[in-house]
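J.: Here it is, the structure in full.
There are 4 protein chains.
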Amino acid sequence: MKKRVGVGIIGSGRIGRIHAENLCRHISGGHVVGIADAVPEFAEQCAEACGILQVFPDHQALLGHPAIDAVIICSSTDTHAAMICDAAAAGKHIFCEKPVALDIQAIDKALEAVAAAGVRLQVGFQRRFDSSFRRAYEAISAGEIGDCHILRITSRDPQPPPIEYIRKSGGIFLDMTIHDFDMARFLVQDEVEEIQAFGDVLIDPAIGDAGDNDTAVCVLKFRRGAFGIIDNSRKSAYGYDQRVEVFGSRGMISVGNKVPNDAVVSDDRGVHHPLPLHFFLERYQDAYREEMQSFLDAVLCDKEPEVTGLDGRAPVLMAHAAMRSLAEKRPVRLSEIAF
Amino acid sequence: MKKRVGVGIIGSGRIGRIHAENLCRHISGGHVVGIADAVPEFAEQCAEACGILQVFPDHQALLGHPAIDAVIICSSTDTHAAMICDAAAAGKHIFCEKPVALDIQAIDKALEAVAAAGVRLQVGFQRRFDSSFRRAYEAISAGEIGDCHILRITSRDPQPPPIEYIRKSGGIFLDMTIHDFDMARFLVQDEVEEIQAFGDVLIDPAIGDAGDNDTAVCVLKFRRGAFGIIDNSRKSAYGYDQRVEVFGSRGMISVGNKVPNDAVVSDDRGVHHPLPLHFFLERYQDAYREEMQSFLDAVLCDKEPEVTGLDGRAPVLMAHAAMRSLAEKRPVRLSEIAF
Amino acid sequence: MKKRVGVGIIGSGRIGRIHAENLCRHISGGHVVGIADAVPEFAEQCAEACGILQVFPDHQALLGHPAIDAVIICSSTDTHAAMICDAAAAGKHIFCEKPVALDIQAIDKALEAVAAAGVRLQVGFQRRFDSSFRRAYEAISAGEIGDCHILRITSRDPQPPPIEYIRKSGGIFLDMTIHDFDMARFLVQDEVEEIQAFGDVLIDPAIGDAGDNDTAVCVLKFRRGAFGIIDNSRKSAYGYDQRVEVFGSRGMISVGNKVPNDAVVSDDRGVHHPLPLHFFLERYQDAYREEMQSFLDAVLCDKEPEVTGLDGRAPVLMAHAAMRSLAEKRPVRLSEIAF
Amino acid sequence: MKKRVGVGIIGSGRIGRIHAENLCRHISGGHVVGIADAVPEFAEQCAEACGILQVFPDHQALLGHPAIDAVIICSSTDTHAAMICDAAAAGKHIFCEKPVALDIQAIDKALEAVAAAGVRLQVGFQRRFDSSFRRAYEAISAGEIGDCHILRITSRDPQPPPIEYIRKSGGIFLDMTIHDFDMARFLVQDEVEEIQAFGDVLIDPAIGDAGDNDTAVCVLKFRRGAFGIIDNSRKSAYGYDQRVEVFGSRGMISVGNKVPNDAVVSDDRGVHHPLPLHFFLERYQDAYREEMQSFLDAVLCDKEPEVTGLDGRAPVLMAHAAMRSLAEKRPVRLSEIAF
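Chains as they are written, first to last, in the numbering used here: chain W, 2 to 340; chain V, 2 to 340; chain U, 2 to 340; chain H, 2 to 340.
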């Protein structure tokens with residue numbers, strides 16, 4: 002077993018910067034060899050901020066460096082699948098941000114490249130590494146609540162993204178609900194067979210004009226019988242709302258929001274608890290570190306990552322089923338989309 | 002304004018007994034003149050237990066008594082509509098347990114009789130009088146959470162009823178979800194346009210053999226755009242689960258379960274809070290008193306009751322839409338069922 | 002065993018009225034024969050409001066009525082001890098509001114009269130019948146938290162009483178902390194040996210001018226070693242604060258405040274829970290009924306009441322120890338006051 | 002303003018290691034030049050684990066290094082005061098673990114040395130940097146709860162330390178309550194005038210044999226009138242209990258325990274919340290980083306640290322007053338100990 006993984010980072014946007022900082026400062030077992038970005042100045046800024054010694058002119062140059070064992074793909078979504086193919090061809094282990102791609106064929110091609118190269122691939126569903134969701138997963142695995150009957154996921158953002166972003170996002174199911182689709186599979190530990198989706202524009206007509214919805218509900222049916230209910234909103238007045246509840250034959254596990262402190266004020270108007278942590282960067286700060294640590298550990302120990310390529314594929318399939326269900330106003334089986 | 006309402010009680014089963022005790026002991030403004038039951042011995046037992054002086058041989062005898070201003074109909078569901086018609090014909094004000102009837106035509110006929118007689122009718126949706134749901138209603142009315150976007154109702158029983166009961170119940174939507182359908186309308190303060198229902202047998206195959214489901218999910222679409230999600234289970238290991246959450250443009254209001262005490266034990270295994278109150282008799286003990294007080298107040302003050310005949314009709318319509326949706330696996334508009 | 006206890010009520014002030022209503026409406030096993038008050042018109046008003054048939058000109062007339070088995074003494078504190086003696090002499094069972102008297106000699110004389118007459122005496126420490134404190138008592142009795150090490154009682158009123166009341170109250174320890182002294186003995190299930198008291202005027206100088214404190218802290222030392230800490234304030238901005246926590250060798254039990262509903266509002270300023278129930282009439286509404294039911298049950302079953310005469314004596318002794326401790330700025334043993 | 006502070010670490014025990022890791026990995030603005038320890042092998046191990054390049058043979062060698070601007074003193078308590086004097090003489094800014102010394106004269110001498118040298122000194126009361134206590138401090142500063150009337154601090158350890166440690170610790174007040182004394186001053190933002198202490202051996206007789214108590218209660222009286230109550234136990238079955246509550250004229254702020262996750266399990270036995278984080282290393286993990294960041298910021302910006310030398314002195318004075326109070330069974334004014 003190697004002692005440290007040589008890491009190359011591809012992409013230095015918001016999420017790339019987070020992974021870079023975590024790899025450089027908070028995580029052990031890795032060593033950032035260098036970074037590349039489609040806009041080289043961004044890579045340089047990130048390198049300077051994090052103390053990364055080398056900036057590559059492009060991802061191919063990075064992939065050619067022998068000290069790099071693994072790459073962290075944080076470039077724009079439309080490049081993920083091709084980057085995976087290139088990295089696999091270069092024999093590098095791969096951590097790729099979600100989604101792997103917006104269409105299933107591109108994902109399948111990337112997964113084939115990974116399999117052919119025999120490298121490791123982990124997909125960036127960081128919520129699985131949140132301590133509360135992890136505790137729920139373990140409680141369910143241990144049978145604490147028996148068989149799963151009803152899953153409820155509430156996932157609401159504090160603010161909608163810019164309309165420009167929404168236009169390119171692939172729609173709420175591929176952009177936002179995809180995390181919840183992953184959480185559903187992760188917690189229920191079963192595959193979804195059928196989805197019925199509902200959606201509307203209740204917050205901002207401009208989102209509707211961009212062809213998307215800002216409020217959505219999905220009902221999932223799992224193979225072993227459980228129902229899953231996901232509700233999404235692009236705008237929650239009280240901030241980022243990320244709760245999950247799994248009801249089973251022997252009990253229930255509920256995950257509440259994470260708060261910045263445990264101080265409660267009582268005055269003549271009420272008893273006031275703090276609002277949830279602002280958004281995903283705050284709520285999942287520790288989870289981002291845990292997922293990257295887990296990836297490095299998988300590479301170092303030569304074991305299957307905790308979030309596999311198939312885990313990256315399934316939620317995209319679910320998003321496509323949800324889109325078709327919404328369009329056709331009927332439940333859609335995942336097998337109608339792809340196998 | 003009269004000072005006291007003369008009350009006659011029709012039916013002395015479990016719920017009739019509760020109303021009798023409340024009217025005789027805990028509520029002011031009423032005076033129980035007498036009681037009748039299809040099984041006269043039951044009426045006698047109840048009369049003795051509650052100190053009711055008169056037992057009528059049948060409901061017609063009771064309706065003929067001049068000191069009775071109002072009747073409380075707690076007989077079996079299949080008799081409700083006819084009882085309403087008879088009571089209206091006798092010029093009595095009416096409190097009737099839910100559901101008014103299982104079919105819409107019978108309800109419409111009863112409501113017409115009430116209208117023709119000019120008497121008051123209140124339907125027994127006691128949950129509206131629970132202090133927590135009442136607080137939610139008032140917060141929403143006052144605009145505290147803005148426009149409603151997503152309503153979530155969780156309603157789970159501690160134990161399924163006997164199979165014999167299930168066979169006659171009209172099915173989970175008419176028997177159990179009907180309360181949640183009412184709560185949805187009460188809180189969102191809007192009418193439902195369309196329902197999609199899902200159901201399965203996850204708890205007891207005997208329930209499936211009886212032609213019913215033990216686990217169900219309904220997605221409602223309200224006229225002004227809000228989504229409603231109801232999840233039901235016939236068996237919750239941790240007891241009666243009655244929670245509601247309304248998410249709006251300016252905030253959220255959440256109603257948690259009611260507990261028997263506020264004592265929390267911390268030991269080496271965790272921090273343990275009490276289970277919810279066992280079942281509806283405990284959870285809604287105060288609500289049953291409040292609803293009856295409200296009915297007496299409406300009669301005394303000659304004003305519209307807080308839960309009207311139309312409030313009794315709408316959830317039955319919703320249950321029928323849910324049943325059709327489940328059968329046909331598609332969203333069903335309420336206008337397909339009746340107007 | 003008799004089926005119903007004939008009850009006479011002495012005193013029709015605020016607390017007398019509560020007991021009268023509870024006995025007339027909410028509690029079984031008793032029958033209110035009549036009522037007396039030093040101001041007969043007050044007795045008449047109460048009798049009319051509650052439907053009590055007989056108003057006695059004075060307590061002696063009431064005590065002479067043969068249908069009265071038990072009396073409820075709710076007259077002013079300075080009359081309690083004499084009333085107990087008279088009632089005992091008349092062979093009536095006695096429920097007496099707290100405190101039995103402000104001085105120990107008067108209490109001892111009353112308890113002797115009760116013992117000599119062989120009647121039952123229950124003292125009005127209603128908090129023992131609150132479902133949460135009762136649960137704590139039972140958990141401690143059952144050994145759930147092991148041996149008691151540290152007891153904390155927080156007891157704060159929403160508003161100070163009128164200065165006129167404070168002048169006659171006997172001081173904060175005899176008027177307010179007395180309930181907490183009782184709670185301490187009840188929960189720890191041991192006797193207090195020594196008390197150190199602290200007090201100050203932090204809320205209203207007029208309270209200081211009246212010779213009292215509005216803020217107080219007592220540290221108790223129990224025989225088996227536990228420490229007890231009581232903090233009191235005459236004015237809590239967020240309302241009536243009645244919490245208890247017992248820390249033991251195996252865990253802790255904490256009793257929180259009772260709230261009017263379980264609805265929580267989240268908005269852009271925070272997550273807002275309801276304030277506690279306003280004051281003792283609301284917080285202990287059910288406890289008042291439970292204590293009276295318990296008294297009637299003790300009389301009917303001829304068994305020792307749950308709160309005895311000695312339970313009425315001990316907190317008065319503790320209050321005197323606290324007063325001396327405060328005056329002399331040192332810990333005072335209860336044996337210094339009386340045996 | 003310099004861009005980075007050159008740091009030397011003196012002491013590589015448990016707490017030294019934490020500061021070393023934080024300085025090397027999680028905090029910006031500092032650069033660890035080297036480390037020294039009375040046992041050089043310990044310094045070497047720590048240096049290797051954290052990637053510190055230089056190990057000094059002793060603290061004098063470290064103090065002589067020109068690239069070192071500031072030292073972190075984590076050596077044994079009995080050396081703190083002398084180390085401060087040496088570091089001040091060498092012109093280094095100083096972060097010193099608590100307590101500065103067990104006796105006041107030694108502290109005063111160290112503070113004089115610091116003043117004479119014109120260097121910065123921060124004392125290691127990390128709890129002030131916990132996000133919840135910080136929020137409480139800010140709420141109180143902002144007047145959210147008005148004037149402070151009653152402060153309650155509960156501070157209980159999961160397990161007693163080894164008897165050997167207890168023997169050298171200076172006693173529970175200097176070893177454990179000292180943190181709570183600091184918290185009391187920090188939150189109430191006033192000085193304590195008088196202390197009454199209580200203590201007993203309720204957990205382990207061996208602690209009594211070592212001349213110490215394992216359970217203690219202190220009542221503080223602040224200059225502006227507030228009362229403070231601290232309760233300590235060396236052994237809490239449910240883990241590390243670190244709660245604070247400040248009650249004021251306009252409201253209350255309560256700080257609860259920090260938990261490892263927000264997952265709650267409901268089953269047929271209850272509703273189970275997680276236990277608090279295990280002990281101070283877990284509970285104050287972030288606080289340790291914040292305090293060190295704050296120290297570096299103070300050095301970089303040439304401003305007074307947030308926890309000064311006088312903040313290090315006051316709790317030691319309070320501990321001595323508590324010890325005398327316990328011995329003499331009377332309230333002791335701080336002015337009796339020293340000015």
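Beta carbons are placed, not taken as given, at the ideal position from N, Cα and C, and that holds for glycine.
1) Of all the CB atoms in chain H, is at least one closer than 8 Å to the CB of V/Leu369?
2) Nearest by alpha-carbon distance to V/Arg224: which of V/Leu103, V/Ala37, V/Ser336 and V/Ala50 is it?
3) Which whole runs of the alpha helix (DSSP H) in the region 14-42 of chain V are 4 residues long or more, in chain order?
4) Closest to W/Ala39 by C-alpha separation, out of W/His94, W/His81 and W/Gly7, would be which residue?
5) Express the C-alpha separation of H/Ile28 and H/Arg5 in angstroms, rounding to a whole number.
6) Closer than 8 Å, Cβ to Cβ, to anything on chain W: give me those residues from the region 148-168 of chain V, in chain order.
7) By Cβ distance, which residues of its chain are closer than 7 Å to V/Arg18, with the 5 residues on each side in sequence left out?
8) Taking 8 Å as the cut-off, decide whether the C-beta atoms of H/Val8 and H/Ala71 are in contact.
9) Name the chain V residues whose beta carbon is nearer than 8 Å to that of U/Lys110?
10) Would you please verify whether the beta carbon of V/Leu276 is less than 8 Å from any beta carbon of chain H?
11) One question on the structure: do V/His274 and H/His66 come within less than 8 Å of each other, judged by their Cβ atoms?
12) Take the Cβ of V/Ser142 as the centre, count every other Cβ of all protein chains shown within 10 Å, and call the residue buried at 16 or more, exposed below.
13) Answer yes or no: does any C-beta atom of chain V fall closer than 8 Å to that of U/Met253?
14) Can the beta-carbon of W/Val34 be found less than 8 Å from the beta-carbon of W/Ala137?
15) In chain W, which residues lie less than 9 Å from U/Ala238 when you measure between Cβ atoms?
16) Going by C-alpha distance, which of U/Val218, U/Phe187 and U/Thr155 is nearest U/Asp201?
17) Could you tell me whether the region 191-200 of chain W touches the region 223-241 of chain W, where touching means 3 or more Cβ pairs closer than 8 Å?
18) By Cβ distance, which residues of its chain are closer than 7 Å to W/Asp176, with the 5 residues on each side in sequence left out?
19) What are the start and end residues of the alpha helix (DSSP H) that includes W/Thr78?
20) Would you give the residue range spanned by the alpha helix (DSSP H) that W/Asp201 belongs to?
21) Output the distance between the C-alpha atoms of H/Gly313 and H/Gly212, rounded to the nearest integer angstrom.
22) With a Cβ-Cβ cutoff of 8 Å, do V/Ile351 and V/Ile74 count as a contact?
23) Any C-beta of chain H sitting closer than 8 Å to the C-beta of V/His273?
24) Could you give the first and the last residue of the continuous alpha helix (DSSP H) run that contains H/Gln106?
25) Whose Cβ in chain H lies nearer than 9 Å to the Cβ of U/Gln190?
26) U/Arg331 touches chain H at which residues, Cβ-Cβ below 9 Å?
27) According to the Cβ coordinates, are H/Pro261 and W/Ser132 closer than 8 Å?
28) Would you kindly check if the distance between the Cβ of W/Gln123 and the Cβ of W/Pro306 is under 8 Å?
29) Could you pull out every residue in the same chain whose Cβ sits closer than 6 Å to the Cβ of W/Ala322, ignoring the five residues on either side in sequence?
30) For U/Arg270, count neighbouring C-beta atoms within 10 Å of its own C-beta (all shown protein chains included) and say buried if the count is 16 or more, exposed if not.
31) With C-beta atoms as the reference, is H/Tyr239 less than 8 Å away from U/Met253?
32) On a CA-only basis, which of V/Asp205, V/Asp215 and V/Ile208 is nearest V/Thr178? Give me that one, please.
33) Measuring only the C-alpha atoms, how far is W/Gln55 from H/Cys86?
34) Over what stretch of residues does the alpha helix (DSSP H) that includes V/Ala328 continue unbroken?
35) Taking 8 Å as the CB-CB limit, is W/Ile230 close to chain V?
T.: This is what the structure holds:
1) This structure does not reach residue 369 of chain V, given that chain V is present from 2 up to 340, and the question cannot be answered.
2) The residue given as residue 224 of chain V occupies position 223 in the second sequence. Here the closest residue by C-alpha is V/Ser336.
3) 15-22
4) Taking the first residue of the first sequence as 1, we reach residue 39 of chain W at position 38. It is W/His81 whose Cα lies nearest to the Cα of W/Ala39.
5) As a working note, residue 5 of chain H is residue 4 in the fourth sequence. As a working note, residue 28 of chain H is residue 27 in the fourth sequence. Cα to Cα, H/Arg5 sits roughly 11 Å from H/Ile28.
6) Asp148, His150, Ile151, Arg153, Thr155 and Arg157
7) For the purposes of this step, residue 18 of chain V is taken as the residue at position 17 of the second sequence. Taken in chain order, the residues that qualify are Cys47.
8) As a working mapping, residue 8 of chain H is identified with position 7 in the fourth sequence. As a working mapping, residue 71 of chain H is identified with position 70 in the fourth sequence. Yes.
9) Locating residue 110 of chain U in the third sequence gives position 109, counting from the first residue. Under the 8 Å cutoff, chain V gives no residues; its nearest Cβ is about 38 Å from U/Lys110.
10) Along the second sequence, one-based indexing puts residue 276 of chain V at 275. Yes, V/Leu276 lies at the interface with chain H (some Cβ there is under 8 Å from its Cβ).
11) Residue mapping note: residue 274 of chain V aligns to position 273 of the second sequence, counting from 1. Residue mapping note: residue 66 of chain H aligns to position 65 of the fourth sequence, counting from 1. It is not a contact, given that the beta carbons lie outside the stated cut-off.
12) Taking the first residue of the second sequence as position 1, residue 142 of chain V is located at position 141. Burial call: exposed.
13) As a working mapping, residue 253 of chain U is identified with position 252 in the third sequence. For U/Met253, the answer is yes, since a Cβ of chain V falls inside 8 Å of its Cβ.
14) Mapped onto the first sequence, residue 34 of chain W falls at position 33. Mapped onto the first sequence, residue 137 of chain W falls at position 136. The answer is no: Cβ separation not under 8 Å.
15) Taking the third sequence and counting its residues from 1, the one referred to as residue 238 of chain U is at position 237. Near U/Ala238 (Cβ distances below 9 Å), the residues of chain W are Ser267, Asp268 and Asp269.
16) As a first step, residue 201 of chain U is located in the third sequence; it is residue number 200 there, counting from the start. For the residues U/Val218, U/Phe187 and U/Thr155, the minimum Cα distance to U/Asp201 belongs to U/Val218.
17) yes
18) Counting from one through the first sequence, the residue named residue 176 of chain W turns up at place 175. So the list reads Ser170, once near-sequence residues are dropped.
19) In the first sequence, residue 78 of chain W corresponds to position 77, counting from 1. W/Thr78 -> alpha helix (DSSP H) spans Thr78 to Ala90.
20) Working through the first sequence from its first residue, we reach residue 201 of chain W at position 200. Taken as a continuous stretch (DSSP letters only), W/Asp201 belongs to no alpha helix (DSSP H), being part of the beta strand (DSSP E) at Val193 to Asp201.
21) As a position in the fourth sequence, residue 313 of chain H is number 312, starting the count at 1. As a position in the fourth sequence, residue 212 of chain H is number 211, starting the count at 1. Their backbone Cα atoms lie some 25 Å apart in a straight line.
22) Within the shown structure, residues of chain V are numbered from 2 to 340, placing residue 351 of chain V beyond reach of any answer.
23) Residue numbering aside, residue 273 of chain V sits at position 272 when the second sequence is read from its first letter. It does; some Cβ of chain H falls within 8 Å.
24) Numbered from its first residue, the fourth sequence carries residue 106 of chain H at position 105. Element bounds for H/Gln106: Ile105 to Ala118.
25) If you number the third sequence from 1, residue 190 of chain U lands on position 189. Chain H residues near U/Gln190: none, gap ~16 Å exceeds 9 Å.
26) The sequence position of residue 331 of chain U within the third sequence is 330, counting from 1. Within 9 Å Cβ-Cβ: Lys330, Arg331 and Pro332.
27) One-based indexing of the fourth sequence puts residue 261 of chain H at position 260. One-based indexing of the first sequence puts residue 132 of chain W at position 131. Yes.
28) The residue given as residue 306 of chain W occupies position 305 in the first sequence. The residue given as residue 123 of chain W occupies position 122 in the first sequence. In this structure, W/Gln123 lies closer than 8 Å to W/Pro306 by Cβ.
29) The residue labelled residue 322 of chain W in the question sits at position 321 within the first sequence. So the list reads Ile196, Val333, Leu335 and Ile338, once near-sequence residues are dropped.
30) Here residue 270 of chain U refers to the residue found at position 269 when the third sequence is read from its first residue. Exposed, because fewer than 16 other Cβ atoms sit within 10 Å of the Cβ of U/Arg270.
31) On the fourth sequence, residue 239 of chain H is found 238 positions in, with the first residue counted as 1. On the third sequence, residue 253 of chain U is found 252 positions in, with the first residue counted as 1. Yes, the pair counts as a contact, with Cβ atoms nearer than the cut-off.
32) Counting from one through the second sequence, the residue named residue 178 of chain V turns up at place 177. Residue V/Asp215 is the option with its Cα nearest to V/Thr178.
33) Here residue 55 of chain W is taken as the residue at index 54 of the first sequence, counted from 1. Here residue 86 of chain H is taken as the residue at index 85 of the fourth sequence, counted from 1. When rounded, the distance between both Cα atoms is 44 Å.
34) Working through the second sequence from its first residue, we reach residue 328 of chain V at position 327. Looking at the DSSP string, the run of the alpha helix (DSSP H) that includes V/Ala328 is Gly310 to Glu329.
35) Translated into the one-based positions of the first sequence, residue 230 of chain W becomes position 229. W/Ile230 counts as touching chain V.
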